[in-house]
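The block underneath contains the structure these notes are about, expressed in structure tokens.
Numbering (my numbering), first residue to last: 13 to 196.
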């Protein structure tokens, strides 16, 4: 992989039996689009550090990925993570599109500092997610948020975010909600 210095698009279709599939790759910094599908058993913190090393990454799509929290690494206990926390140091400066599909996320903490140039956020089948991070309302470049089959609470938080933007005379943010039904 490290010899493919001009590669811009990478799609990984994983196996439920591989642990931390990205550990075996040295990803070139030329990546602009990265899609991980069915990538089971990686740690959010590890994924964040990999993505941060891709300064040109404009699109990140995580589809049906399962993650462990950091506790699992330090103990024998099997524990799926339902939290995704980004610290102020996690900055995805070039990211314009973030798609999360079929993730078991319940809590997501992020701020506008994490995604300063994000234009589009798409969430599909994240029916456990309780809310969109409040800080996304402060992303000046954010043009749209799409929810497909997400929880009612995520839908409500997205509508609140849209209303806050309209209250500040910002009518550029468009919200699209499709078939959200879950009550988590």
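All residues carry an ideal CB built from backbone N, CA and C; glycine is no exception.
- Residue 111 carries a strand assignment under DSSP once its states are collapsed to helix, strand and coil.
- Remark: C-beta atoms of residue 63 and residue 104 approach each other more closely than 9 angstroms.
- Only buried fits residue 120, as 16 or more other CB atoms lie within 10 angstroms of its CB.
- According to the DSSP assignment, residue 156 belongs to the beta strand (DSSP E) that extends over 156-160.
- Contact check for residue 108 against residue 70 passes: the beta carbons are separated by less than 9 angstroms.
- Note that the C-beta distance between residue 156 and residue 188 is below 9 angstroms.
- Residue 144 sits away from residue 127, with the two beta carbons spaced by 9 angstroms or more.
- Contact annotation: residue 148 and residue 124 have beta-carbon atoms nearer than 9 angstroms.
- For residue 174, the enclosing alpha helix (DSSP H) covers residues 164-179.
- Per DSSP, reduced to three states, the secondary structure at residue 150 is helical.
- Taking the Cβ atoms as the reference, residue 154 lies roughly 6 angstroms from residue 185, within the contact range of under 8 angstroms.
- Nearest to residue 129 by alpha-carbon distance, out of 39, 67, 42, is 67.
- About 21 angstroms separates the beta carbons of residue 49 and residue 65, which is beyond the 8 angstroms limit, so they are not a contact pair.
- By the Cβ neighbour-count rule, residue 167 is buried, with 16 or more other Cβ atoms within 10 Å of its own.
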